[in-house]
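Numbering (the numbering used here), first residue to last: 7 to 71.
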């Protein structure tokens, strides 16, 4: 998945709290922010995650192809 760069201005206290949370979850701050945003969007019904493609769908069956 391609990612876009997005500059973010954030309150230092919020950033510190996110950093602590990210450390607890063994994530980067960027990954933590994306995780929280994704979960909030899903909960609000504003984002429907795409199902990951299975390997079976990308590997041709024997004798076909």
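We put the CB at the ideal spot given by N, CA and C, even for glycine.
Values in this document were obtained by computation on a predicted structure and should not be read as measured data.
- Close CB contacts of residue 31 within its chain, under the 7 Å cut and outside five residues either way in sequence, are with 38 (chain order).
- Residue 9: not part of any alpha helix (DSSP H); DSSP gives it neither H nor E.
- Here the C-alpha atom of residue 48 lies approximately 16 Å from the C-alpha atom of residue 58.
- Apart from sequence neighbours up to five positions away, the residues of its chain that approach residue 54 with a beta-carbon distance below 8 Å are 48, ordered along the chain.
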